[in-house]
Amino acid sequence: MTQATVILALVVITALGFDFTNGFHDTANAMATSIATKALRPRVAVALSGTLNLVGAFLSVEVALTVTNAVVRIQNANGAPRESLTADGGEALLLIVLAGLVGGVVWNLATWLLGLPSSSSHALFGGLIGATIAGLGWGGVNWNGNGSKLDGVVGKVILPALLSPVIAGVVATVGTWLIYRVTQGVAKRFTDNGFRWGQIGSASLVSLAHGTNDAQKTMGVITLALIAAGDWTDTKNIPFWVKAACALAIALGTYLGGWRIIRTLGKGLVEIAPPQGLAAESSSAAVILASSHLGFALSTTHVATGSILGSGVGKPGALVRWRVAGRMATAWVITLPSAAVVGAAMWYVGHLIGGLGGAILVFVLLLGFAAFMYQRSRRKPVDHSNVNDEWHEPVPTSVER
Amino acid sequence: MHTLVLALDGAWQVLLAGLILGAGLPVLFALGIRSLAYGAGGDAEVSHARPHRIGTVVGYALFAVVILGVLLGLTYIVASGMGKTISFEHLYPTIANK
Chain A
1 MTQATVILAL VVITALGFDF TNGFHDTANA MATSIATKAL RPRVAVALSG TLNLVGAFLS
61 VEVALTVTNA VVRIQNANGA PRESLTADGG EALLLIVLAG LVGGVVWNLA TWLLGLPSSS
121 SHALFGGLIG ATIAGLGWGG VNWNGNGSKL DGVVGKVILP ALLSPVIAGV VATVGTWLIY
181 RVTQGVAKRF TDNGFRWGQI GSASLVSLAH GTNDAQKTMG VITLALIAAG DWTDTKNIPF
241 WVKAACALAI ALGTYLGGWR IIRTLGKGLV EIAPPQGLAA ESSSAAVILA SSHLGFALST
301 THVATGSILG SGVGKPGALV RWRVAGRMAT AWVITLPSAA VVGAAMWYVG HLIGGLGGAI
361 LVFVLLLGFA AFMYQRSRRK PVDHSNVNDE WHEPVPTSVE R
Chain B
1 MHTLVLALDG AWQVLLAGLI LGAGLPVLFA LGIRSLAYGA GGDAEVSHAR PHRIGTVVGY
61 ALFAVVILGV LLGLTYIVAS GMGKTISFEH LYPTIANK
């Protein structure tokens, strides 16, 4: 076994780890409202979402290998790695990808510990950007594409992140307001049962779309690493085991459920009633699918959060905790730079030691971080049994209406 | 600056599609529930009015429209996984190459 093979194995394991955190970070996007309104029991909800993510991931028959091209220049337009980075058995590229992935995983775990929904794609892109800046300099980053279409960090990450919560929020506000108008005069017990099914349906669509979209990113990254190490040459297809492993990792992550984040989105942001849940999930599903149809890259997390916020704004007299929303917005702003700092630091560590030892040290550091954060999470565990407990904001809530 | 124009151009299209599908379909669904309640009468409504058969029929018709919308979404997800997309150039949706 050569040195590059071991590094490749570490990259693959880390990438699957990222996929796993991607899954449990985003369970909330699809299922937080259904769990909060008790349309589904918590464990049924995560099982349904996990299954649909699995199906969705396998539906990705045509996977683009050019995931990283949106933000960094380590691949050619056809998905093959840059020749300059593969000279020494691909180690230069593998180290950038490994450090980038570690940046993404560390940030995903940190935000999970804080119960904040943050975008997994921002975390991944942030990590890759940081590692690329460290490894190749500022010129290695695709800041704005060539200006002819939406591309680069500005066009594919920053602008959509600013616009998508607003779009989803407007749609959900309009939907919620109209739904309440339309169902006036109908007995509450009657509507709640009907909306229950609407919520389950729309949440399922979000889960399925999530599986097709997000699992693809990791599949693309792993295949890139395989090509760089010389273990795969086809830039049109990906190995089946990669697809199966990614599908399982994201589904398992989703099934385990990021209960802390589910709790924040479902209980913390807005007190959600079934009609709001339906409006929020429908808005998320429609905005995610429409934007992917129109080639407008957005993050499921931003859309889902905007939708839930909108469902609170659209219902007259609903309680919206703007302070919680503010904390989330802060997390979104710092996601990309924070993951970038971790990614860059990891690259320097790996580069300083060099070769196999460097890659192993980076991986061990990741395991250390992960173990530390898991340990911290046990102090105040959140799981299916207490996910729906009453939300107590530590500060007075009188000004937050 | 140019990028901002491109982004806003994409954004209003997403907003429009979002409003039609993401707010329109749930409102149809809500109308369906309203109709069903009108059809069921009694405890289903605050007014406790008599049941009206027509409400049940209209209600299920509305649900059928919503289900068509959901199927459109499903088709799109499956098609995009195959590297295809849905084209609206014939007014009714057809599956096309990307």
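Heads up: the protein sequence lines correspond to chains A and B, in order.
FYI, the working numbering numbers position 333 of the first sequence as 333, with every residue one higher than the one before it.
FYI, the working numbering numbers position 14 of the second sequence as 14, with every residue one higher than the one before it.
Ideal Cβ placement from N, Cα and C applies to all residues, glycine included.
Inter-residue CB distance, residue i and residue j (contact presumed, cutoff 8 Å)
{"i": "Leu-95(A)", "j": "Gly-358(A)", "result": "7 Å"}
{"i": "Ser-417(A)", "j": "Gly-22(B)", "result": "Residue 417(A) is absent from the structure shown; chain A starts at 1 and stops at 401."}
{"i": "Ile-272(A)", "j": "Thr-37(A)", "result": "6 Å"}
{"i": "Leu-59(A)", "j": "Gly-81(B)", "result": "4 Å"}
{"i": "Asn-344(A)", "j": "Ile-158(A)", "result": "Here the sequence assigns Ala to residue 344(A), which means Asn is not the residue at that position. Wrong, their Cβ atoms sit about 19 Å apart, outside the cutoff."}
{"i": "Ala-39(A)", "j": "Met-346(A)", "result": "Incorrect: roughly 41 Å between the Cβ atoms, too far for contact."}
{"i": "Gly-201(A)", "j": "Val-70(B)", "result": "6 Å"}
{"i": "Val-72(A)", "j": "Asn-142(A)", "result": "6 Å"}
{"i": "Gly-14(B)", "j": "Ile-167(A)", "result": "It should be noted that the sequence gives Val, not Gly, for residue 14(B). Val-14(B) to Ile-167(A), Cβ: 6 Å. Contact."}
{"i": "Ser-118(A)", "j": "Trp-332(A)", "result": "6 Å"}
{"i": "Leu-289(A)", "j": "Tyr-76(B)", "result": "6 Å"}
{"i": "Gly-350(A)", "j": "Leu-361(A)", "result": "7 Å"}
{"i": "Val-55(A)", "j": "Leu-208(A)", "result": "7 Å"}
Best match in the options for proximity to residue i [C-alpha to C-alpha]
{"i": "Ala-374(A)", "options": "Ala-32(A), Leu-109(A) and Pro-274(A)", "result": "In the sequence as presented, Ala is not what sits at residue 374(A); that position holds Tyr. Of Ala-32(A), Leu-109(A) and Pro-274(A), the residue nearest in Cα terms is Leu-109(A)."}
{"i": "Leu-280(A)", "options": "Gly-314(A), Val-102(A), Pro-394(A) and Leu-248(A)", "result": "With the sequence shown as reference, residue 280(A) is identified as Ala, and Leu is not the correct amino acid for it. Closest by alpha carbon: Gly-314(A)."}
{"i": "Gly-59(B)", "options": "Thr-75(B), Val-78(B), Gly-39(B) and Ile-86(B)", "result": "Gly-39(B)"}
{"i": "Trp-12(B)", "options": "Ile-308(A), Lys-156(A), Ile-200(A) and Leu-294(A)", "result": "Leu-294(A)"}
{"i": "Val-153(A)", "options": "Thr-111(A), Ala-297(A) and Pro-165(A)", "result": "Ala-297(A)"}
{"i": "Val-27(B)", "options": "Ala-161(A), Thr-176(A), Ser-299(A) and Val-97(A)", "result": "Thr-176(A)"}
{"i": "Val-105(A)", "options": "Ala-371(A), Asp-389(A), His-392(A) and Glu-390(A)", "result": "Ala-371(A)"}
{"i": "Thr-335(A)", "options": "Ala-123(A), Phe-18(A) and Ala-15(A)", "result": "Ala-123(A)"}
{"i": "Ala-462(A)", "options": "Ala-57(A), Asn-53(A) and Glu-83(A)", "result": "The displayed coordinates of chain A run from 1 to 401. Any statement about residue 462(A) would go beyond what the structure contains."}
{"i": "Ala-172(A)", "options": "Gln-3(A), His-351(A), Trp-332(A) and Val-287(A)", "result": "Val-287(A)"}
{"i": "Ala-339(A)", "options": "Asn-53(A), Ala-4(A), Leu-93(A) and Trp-107(A)", "result": "Trp-107(A)"}
{"i": "Val-387(A)", "options": "Leu-365(A), Met-328(A), Asp-231(A) and Gly-268(A)", "result": "Gly-268(A)"}
{"i": "His-25(A)", "options": "Thr-301(A), Gly-350(A) and Ile-129(A)", "result": "Thr-301(A)"}
{"i": "Ala-57(A)", "options": "Asp-214(A), Val-324(A), Phe-369(A) and Ala-92(A)", "result": "Asp-214(A)"}
{"i": "Ile-179(A)", "options": "Pro-275(A), Gln-3(A) and Thr-330(A)", "result": "Pro-275(A)"}
{"i": "Leu-25(B)", "options": "Leu-72(B), Leu-4(B), Ala-96(B) and Asn-97(B)", "result": "Leu-72(B)"}
{"i": "Val-6(A)", "options": "Gly-277(A), Gly-312(A), Ser-148(A) and Phe-363(A)", "result": "Phe-363(A)"}
{"i": "Leu-265(A)", "options": "Gly-135(A), Thr-233(A), Ala-329(A) and Phe-369(A)", "result": "Ala-329(A)"}
Local Cβ density within 10 Å of residue i, reported as buried at 16 or more and exposed below that
{"i": "Arg-50(B)", "result": "exposed"}
{"i": "Ser-398(A)", "result": "Unreliable positioning characterises Ser-398(A) in this predicted model, as indicated by a pLDDT of 49, which lies under 50. The coordinate reading is nonetheless provided below. Exposed, since its Cβ has fewer than 16 Cβ neighbours within 10 Å."}
{"i": "Gly-23(A)", "result": "buried"}
{"i": "Phe-88(B)", "result": "exposed"}
{"i": "Arg-401(A)", "result": "Annotation note: pLDDT 42 at Arg-401(A) (below 50); position unreliable, coordinate value reported separately. So Arg-401(A) ends up on the exposed side."}
{"i": "Glu-393(A)", "result": "exposed"}
{"i": "Gly-326(A)", "result": "exposed"}
{"i": "Ile-54(B)", "result": "exposed"}
{"i": "Asn-78(A)", "result": "exposed"}
{"i": "Arg-41(A)", "result": "exposed"}
{"i": "Arg-321(A)", "result": "buried"}
{"i": "Thr-94(B)", "result": "exposed"}
{"i": "Arg-263(A)", "result": "buried"}
{"i": "Leu-6(B)", "result": "buried"}
{"i": "Gly-42(B)", "result": "exposed"}
{"i": "Trp-112(A)", "result": "buried"}
{"i": "Val-170(A)", "result": "buried"}
{"i": "Gln-216(A)", "result": "buried"}
{"i": "Gly-211(A)", "result": "buried"}
{"i": "Lys-156(A)", "result": "buried"}
{"i": "Gly-135(A)", "result": "buried"}
{"i": "Gly-354(A)", "result": "exposed"}
If we count Cβ pairs, one from each stretch, closer than 8 Å, do we get three or more for the stretch 252 to 263 of chain A versus the stretch 374 to 383 of chain A?
In short, these stretches touch, since the Cβ pair count reaches three.
Check whether the stretch 221 to 236 of chain A and the stretch 66 to 75 of chain A are in contact - that is, three or more C-beta pairs closer than 8 Å.
Yes: the two stretches touch, three or more of their Cβ pairs being nearer than 8 Å.
Would the stretch 60 to 68 of chain B and the stretch 33 to 47 of chain A be scored as touching if the rule is three or more Cβ pairs under 8 Å?
Contact between the stretch 60 to 68 of chain B and the stretch 33 to 47 of chain A is not established, with fewer than three Cβ pairs separated by less than 8 Å.
With contact counted as at least three CB pairs below 8 Å, one residue from each stretch, are the stretch 188 to 196 of chain A and the stretch 23 to 43 of chain B in contact?
Contact between the stretch 188 to 196 of chain A and the stretch 23 to 43 of chain B is present: three or more C-beta pairs spanning the two stretches fall below 8 Å.
Cβ-based contacts, 8 Å cut-off: residues of the stretch 73 to 89 of chain B near chain A:
From the stretch 73 to 89 of chain B, only Gly-73, Leu-74, Tyr-76, Ile-77, Val-78, Ser-80, Gly-81, Met-82, Gly-83, Thr-85 and Ile-86 have a Cβ closer than 8 Å to chain A.
Identify each residue in the stretch 53 to 65 of chain B for which the Cβ-Cβ distance to at least one residue of chain A is less than 9 Å, and report them in chain order.
From the stretch 53 to 65 of chain B, no residue has a Cβ closer than 9 Å to chain A.
At a Cβ cut of 8 Å, what residues of the stretch 190 to 207 of chain A count as close to chain B, listed as they run along the chain?
Contacts with chain B (Cβ-Cβ distance below 8 Å) from the stretch 190 to 207 of chain A involve Phe-190, Thr-191, Gly-194, Phe-195, Gly-198, Gly-201, Ser-202 and Leu-205, listed in chain order.
With contact counted as at least three CB pairs below 8 Å, one residue from each stretch, are the stretch 237 to 254 of chain A and the stretch 83 to 100 of chain A in contact?
They do not touch, by the three-pair rule.
Please determine if the stretch 1 to 15 of chain A and the stretch 97 to 104 of chain A are in contact, where contact requires at least 3 C-beta pairs separated by less than 8 Å.
Under the Cβ criterion (8 Å, minimum of three pairs), the stretch 1 to 15 of chain A counts as touching the stretch 97 to 104 of chain A.
Please name the residues in the stretch 15 to 35 of chain B whose beta-carbon is closer than 7 Å to at least one beta-carbon of chain A, in chain order.
Residues Leu-15, Ala-17, Gly-18, Leu-19, Leu-21, Gly-22, Ala-23, Leu-25, Pro-26, Val-27, Phe-29, Ala-30, Leu-31, Ile-33 and Arg-34.
Listed in chain order, which residues of the stretch 297 to 323 of chain A have Cβ atoms closer than 7 Å to some Cβ of chain B?
Within the stretch 297 to 323 of chain A, no residue has its Cβ closer than 7 Å to any Cβ of chain B.
Mind listing which residues of the stretch 161 to 174 of chain A have their C-beta closer than 9 Å to chain B's C-betas, in chain order?
Against chain B - using a Cβ distance shorter than 9 Å - the residues of the stretch 161 to 174 of chain A are Leu-162, Leu-163, Ser-164, Val-166, Ile-167, Ala-168, Val-170, Val-171, Ala-172, Thr-173 and Val-174.
In chain order, what residues of the stretch 234 to 245 of chain A put their CB closer than 7 Å to some CB of chain B?
With the criterion set as a beta carbon lying under 7 Å from some beta carbon of chain B, the stretch 234 to 245 of chain A has no members that meet it.
Quick one, which residues of the stretch 278 to 295 of chain A are near chain B if we go by CB-CB under 8 Å, in chain order?
The stretch 278 to 295 of chain A vs chain B, Cβ under 8 Å: Leu-278, Ala-279, Ser-282, Ser-283, Ser-284, Ala-285, Ala-286, Val-287, Leu-289, Ala-290, Ser-291, Ser-292, His-293, Leu-294 and Gly-295.
Using a Cβ-Cβ cutoff of 9 Å, what residues of the stretch 125 to 150 of chain A are near chain B? List them in chain order.
Cβ contacts with chain B come from Asn-144, Gly-145, Gly-147, Ser-148, Lys-149 and Leu-150.
Please identify, using Cβ separations under 7 Å, the residues of the stretch 179 to 190 of chain A that lie next to chain B, in order along the chain.
Near chain B, meaning a CB-to-CB distance below 7 Å, the residues of the stretch 179 to 190 of chain A are Ile-179, Val-182, Thr-183, Gly-185, Val-186, Ala-187 and Phe-190.
Give, in chain order, every residue of the stretch 55 to 79 of chain A whose Cβ lies closer than 8 Å to some Cβ of chain B.
Of all residues in the stretch 55 to 79 of chain A, Gly-56, Leu-59, Ser-60, Val-61 and Glu-62 have a Cβ within less than 8 Å of some Cβ in chain B.
Residues from the stretch 209 to 223 of chain A in contact with chain B, defined by Cβ distance under 8 Å
Of all residues in the stretch 209 to 223 of chain A, only Ala-209 and Thr-212 come within less than 8 Å of chain B when Cβ atoms are compared, listed by chain position.
Short of 8 Å Cβ to Cβ, which residues in the stretch 348 to 368 of chain A face chain B?
So nothing in the stretch comes that close.
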